[in-house]
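Since the structure comes first, as structure tokens, the remarks are kept for the end.
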Amino acid sequence: MRAILTALAVTLALPAAAETVTLGDLVITRPALRATPPAAPVAAGFLSVENTGAMEDKLIGADIDPAVAGMVQLHQMAMADGVMQMSEMTDGILLPPGAKVDLVPGGLHLMLMQMTQPLEPGQAHDVTLSFEKAGEITLAMPVLTLAEIREAAAEMLDGMEMPEGEGELSR
Ligand SMILES: [Cu+2]
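Taken in order, the sequence shown gives residues -18 to -1, 1 to 153; the numbers are from mature numbering (1 follows the signal peptide of the UniProt record, and there is no 0).
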């Protein structure tokens, strides 16, 4: 019991953005769910996946506890006629060998739909990611504010400018 409590204390002391999980050739970093206002019907999730292998892989799906959201889709966001629009990536998100793919505000994201409860900062929810070759992994994704998510993404992208506004989910 003492060992478990010690392990828990160490886990809690680590900043969420530092979390790195490895699944086969895939390295997953900075998983986060965006906090939502009460009664928001959807929420977004973000992470980075680096494929260190020699073979292409693909993120093909994601699942969450139905007590949190009815379903999770893989979405992309792009400007169309001057308006940010998002659409489902029905063929999955390609992970080329040697490349790092970033799900960030304004770009690729996990879309939690049919939300049954708001996401509050400080919470974490288990999300299962399914990859074509690497298989499945379940991550505890911490709930962060948009500002915190952008900060982590900006550090990761080394100063690359993040798009302003997201079209959906204003908070
Ligand atoms: Cu979306």
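Note that beta-carbon positions come from the ideal geometry of N, C-alpha and C, so glycine has one too.
Residue nearest to residue i in terms of C-alpha spacing, selected from the options
i	options	result
proline 100	Asn33, Thr18 and Leu76	Thr18
glycine 35	Thr72, Gly80 and Asp45	Gly80
residue 167	Pro13, Asp7 and Glu130	Any question about residue 167 goes unanswered here, given that the chain covers just -18 to 153.
Alpha carbon of residue i to alpha carbon of residue j, nearest angstrom
i	j	result
methionine 95	phenylalanine 113	20 Å
alanine 26	aspartate 39	22 Å
alanine 49	valine 24	14 Å
threonine 11	methionine 53	22 Å
glycine 117	histidine 91	19 Å
glycine 4	proline 20	The residue you asked about is not glycine; residue 4 is threonine in the sequence shown. For threonine 4 and proline 20, the distance between alpha carbons rounds to 34 Å.
arginine 16	leucine 29	11 Å
isoleucine 75	alanine 135	19 Å
histidine 57	leucine 121	19 Å
methionine 130	methionine 93	The question names methionine, but residue 130 in the sequence shown is glutamate. Their Cα atoms are separated by approximately 18 Å.
is_contact[residue i, chain D] using C-beta, thresh 7 Å
i	result
aspartate 47	In the displayed structure, chain D is absent; only one protein chain is listed.
**Prompt:** In chain order, what residues have a CB nearer than 5 Å to some heavy atom of ligand 1?
**Reply:** His57, Met68 and Met93
**Item:** Contained beta strand (DSSP E) runs [length at least 3] in the segment 28 to 75, N- to C-terminal order
**Value:** 39 to 46, 51 to 62 and 65 to 70
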